[in-house]
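Participant:
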Amino acid sequence: MYIGMDGMKLATISLALLLTTSNFVFGSAEQTTFDLEPDFRTQKNILFSAGFGGSSHIVWVLSILEELQARGHHTIYYTREDHAKFIKNAPSVELIVGAPPLVSKDEMQAIQRGLASMSLVDQYVYLIDLFGNRGVDSYTRHLDIFSKKKVDLAICDHFDGSCAEAAIKAKIPFIVTSTFAFSPDSLTPYVNRDMLTFHHPTVKGLSFSERLQDKVISPMQFLLKAWSTMQNIKKKKQAIGVDPVVHPSELPKDSFKLVNSFFGFEPSRPIGPLVEFVGPIIPKTHPVLSADLQQFLDNHRRVVYVAFGQMATPSRKDIQLILTSLLENMEAGKLDGVIWGTRGIQELFPEYLTTRSNTTYDVGSFFDKPANGSNIAFVNWAPQVAILHHPSTAMFITHGGAGSLFESMYEGVPVAIFPFFGDQPGNAKTMEELGIGRWLKRDYDQSTATALIEEILEDKTGKYKRNINRFKAIAQVRSRSGVIRGADIVEEA
């Protein structure tokens, strides 16, 4: 078909007009939707106070403070000298060091050794005396810092009762943080969450005599031993203006409780609306392996990692039991390497050790660099998460602190728990019931301890791998959203 020049011009003009009209129509269409954005937020001064308990009390809360800082708030970490180091992974948070350590380093080691040998009642009495008497003067310091920094909201570690008392006095809202739910609105008759009953997380399977001991006899023994101390602390508090003096568990009754844990690890039960399980919160950024440790792990296939946190110190007898168990399993081919984070306690290790095969080991040589061909690496400081993250790490021997257990779950590493005090014995029992670890008891004979390590490493039925992988998924999913949820609760408060 022939189309003349005039026809082509007309068609071109018509097409141009059509496109122009279309653009005009679509471009001028009215917008029919819009996105809602929060507009409630005004900058708040938020202070977190914690001065004892180590990283498991602090690091996860600092992650929440970082998120709050990103939302436009001003956040402050108020602590003692020995706990200031935890700020390194929260650079946007202001650090204020308000006091020297609650206890010196040498005194802490003596306390750790003493607590491990005390009964639960005596542990509780001792800690009441320590925290109560030495912590009284921090009440006035908290009032001063609240006023100076114009604090709108306080976040108080559950060990820091003076923070909550000062917040009440200053008439500012506060939140209490902890690694387990202990407040009255999170308890039921079948759940144990105080110092006297930690070793039995629930009453399941307990005999009548065990329940009688936990619920009646131990509380009576505690009151008899601690009464004078508690009255003395009460008088000191009244003298500096704390009024009224109430039981620590009653302080946060009208406040949010942020708990770095989750149902599954915590016993299931109904809880009040102010109790929020936001854990496990595990920071995303961690130190990498040193070149020596990287080489050591790359050159081994079944490594056991041993570490007891910052607050627990094993005795020479404890060390001998554990180390002999590891060496005997190495002789049997169940493992091919050991990394032990010794944390400055080299003097507690025996010079030599002989296994039941009559093989004698020079323990001092284990403190050499791990890259020298040895299968044993003792290091003063160990990048725990990086070690657990390495595929050659087959098992973790730990004191059973919540932070270490959550890290082992996140990385899918089964555990043997060697507990010392506090919630650690109860955590050991919980991990056994969940099928992701065993309780390595200090009164075991050598053959029993060695067999326990072997049983976890061999995992003949696949129970440990199956269960730890299930909790690995839970930990990784919940950790991803825990910081966001924690920050939301703080803003809601």
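Sequential numbering from 25 applies to the sequence shown in my numbering. Just so you know, even glycine gets a beta-carbon here, dropped at the ideal spot from N, CA and C.
Check each candidate in Arg95, Ala410, Asn399 and name the one with the smallest Cα separation from Val327.
Facilitator: Checking every option, the nearest Cα to that of Val327 belongs to Asn399.
Participant: What is the DSSP secondary structure of Met335, reduced to helix, strand or coil?
Facilitator: Coil, per DSSP.
Participant: Can you check DSSP and say which residues form a bridge with Asp281?
Facilitator: Note that residue 281 corresponds to Lys in the displayed sequence, not to Asp. Answer is Val200, Val299, bridged to Lys281.
Participant: Leaving aside the five residues before and after Tyr214 along the sequence, list all residues of the same chain whose C-beta is less than 6 Å from its C-beta, in chain order.
Facilitator: If we look at Tyr214 and ignore the five residues flanking it on each side, its Cβ neighbours are Thr226, Val227.
Participant: Would you report the Cα separation of Ile27 and Glu54, rounded to the nearest angstrom?
Facilitator: With a pLDDT of 49 at Ile27, under the threshold of 50, the modelled position of that residue is not reliable, and the figure given next carries that caveat. Cα-Cα distance, rounded: 41 Å.
Participant: Determine the direct distance from the alpha carbon of Leu317 to that of Arg504, and round the result to whole angstroms.
Facilitator: One C-alpha to the other measures close to 28 Å.
Participant: Assuming the contact rule is C-beta atoms closer than 8 Å, Leu177 and Ile196 should be a hit. Round their C-beta distance to whole Å, please.
Facilitator: Between Ile196 and Leu177 the Cβ distance is about 7 Å, and since that is below 8 Å, they are a contact.
Participant: Beta strand (DSSP E) containing Tyr385: first to last residue?
Facilitator: Unbroken beta strand (DSSP E) run through Tyr385: 384-386.
Participant: Measure the alpha-carbon distance for Ala395 versus Leu359 and round it to whole angstroms.
Facilitator: Reliability of the predicted coordinates at Ala395 is poor, the pLDDT of 49 falling under 50, and the value obtained from them is presented with this limitation in mind. Whole-angstrom Cα-Cα distance: 18 Å.
Participant: On the DSSP letters alone, give me the boundaries of the beta strand (DSSP E) that Thr103 sits inside.
Facilitator: Run containing Thr103: 98-104, per the beta strand (DSSP E) assignment.
Participant: Leaving out the 5 sequence neighbours to the left and right, which residues in its chain are closer than 6 Å to His223 when beta-carbon positions are compared?
Facilitator: Once the five neighbours on either side are set aside, the close Cβ partners of His223 are Pro449, Gly450.
Participant: Kindly examine the ligand FAD and report whether one of its heavy atoms sits closer than 7 Å to the Cβ of Pro443.
Facilitator: The ligand FAD is not part of this structure, which contains no ligands at all.
Participant: So, for Asp386: in the same chain, excluding its five sequence neighbours on each side, which residues have a beta-carbon less than 8 Å away from its beta-carbon?
Facilitator: Counting only Cβ-Cβ distances below 8 Å, and skipping sequence neighbours, we find Glu375, Tyr376.
Participant: When you compare only the Cα positions, how much space is there between Thr99 and Gly357?
Facilitator: One C-alpha to the other measures close to 52 Å.
Participant: Are there 16 or more other CB atoms within 10 angstroms of the CB of Asp392, so buried, or fewer, so exposed?
Facilitator: Exposed: under 16 other Cβ atoms inside 10 Å.
Participant: For a test of the three-state rule: what should DSSP assign to Thr226, helix, strand or coil?
Facilitator: Looking at Thr226 - three-state DSSP - the assignment turns out to be strand.
Participant: Tell me which residues share the same chain as Gly82 and place their Cβ nearer than 7 Å to its Cβ, disregarding the 5 neighbours each side in the sequence.
Facilitator: The displayed chain sequence assigns Ile, not Gly, to residue 82. Same-chain partners within the cutoff: Ala74, His107, Phe110.
Participant: If you compare alpha carbons, which of Pro407, Arg104, Gly265, Ile513 is closest to Lys193?
Facilitator: The shortest C-alpha separation from Lys193 is found at Gly265.
Participant: By the DSSP assignment, the alpha helix (DSSP H) with Ile257 in it spans what residues?
Facilitator: Run containing Ile257: 242-263, per the alpha helix (DSSP H) assignment.
Participant: Following the continuous beta strand (DSSP E) through Glu376, name the residue where it begins and the one where it ends.
Facilitator: First, the amino acid is wrong: residue 376 is Tyr here, not Glu. It spans 376-378 - the beta strand (DSSP E) in which Tyr376 sits, taken as one unbroken run.
Participant: Taking a contact to mean a Cβ-Cβ separation below 8 Å, would you say Pro338 touches Leu372 in this structure?
Facilitator: The answer is yes: Cβ separation under 8 Å.
Participant: Check each candidate in Tyr150, Gly78, Lys174 and name the one with the smallest Cα separation from Lys129.
Facilitator: If we check each option's Cα against that of Lys129, Gly78 comes out closest.
Participant: Between Leu248 and chain D, is there a C-beta pair that is closer than 8 Å?
Facilitator: You won't find chain D in this structure, because it holds only one protein chain.
Participant: If you count every other CB in all the chains shown that lies within 10 Å of the CB of His182, and 16 or more means buried, which is it?
Facilitator: So His182 counts as buried.
Participant: Just verifying my parser: in three-state terms, what is the DSSP assignment at Val83?
Facilitator: In this structure, Val83 counts as helix in the three-state DSSP scheme.
Participant: Inspect the beta-carbon positions of Leu126 and Arg165 and report whether they are closer than 8 Å.
Facilitator: No; because the gap between Cβ atoms is not below 8 Å, this pair is not in contact.
Participant: Can you say whether Asp161 is buried or exposed, counting buried as having 16 or more other CB atoms within 10 angstroms of its CB?
Facilitator: So Asp161 ends up on the exposed side.
Participant: To which residues of the same chain is Ala511 closer than 8 Å at the C-beta, ignoring the five residues directly before and after it?
Facilitator: So the qualifying residues of the chain are Ile88, Glu91, Leu92, Arg95.
Participant: Can you tell me the Cα-Cα spacing of Ile498 and Trp251, whole angstroms?
Facilitator: Taking the straight line joining both Cα atoms gives about 43 Å.
Participant: At which residues does the alpha helix (DSSP H) containing Glu131 begin and terminate?
Facilitator: Start and end: 129-141.
Participant: Would you call the region 261-275 and the region 202-212 touching, i.e. three or more CB-CB distances under 8 Å?
Facilitator: Touching, yes, given that three or more Cβ pairs across the two stretches are closer than 8 Å.
Participant: In angstroms, rounded to a whole number, what distance separates the CA positions of Glu482 and Ala475?
Facilitator: About 10 Å.
Participant: In chain order, what residues of the same chain have a beta carbon less than 6 Å from the beta carbon of Gly424, not counting five sequence neighbours either side?
Facilitator: Taken in chain order, the residues that qualify are Ile441, Pro443, Gln448, Asn451, Ala452.
Participant: Cutting at 6 Å between CB atoms, please list the residues of its own chain near Trp84, excluding the five before and the five after it.
Facilitator: Closer than 6 Å at Cβ, skipping near neighbours: Asn284, Ile305.
Participant: Please look up how many angstroms separate the CB atoms of Ile169 and Val514, rounded, as I've assumed it's under 8 Å.
Facilitator: Not really, about 18 Å apart at Cβ, beyond 8 Å.
Participant: For the alpha helix (DSSP H) containing Asn69, list its first residue and its last residue.
Facilitator: From DSSP, Asn69 is part of no alpha helix (DSSP H) but of the beta strand (DSSP E) over 69-73.
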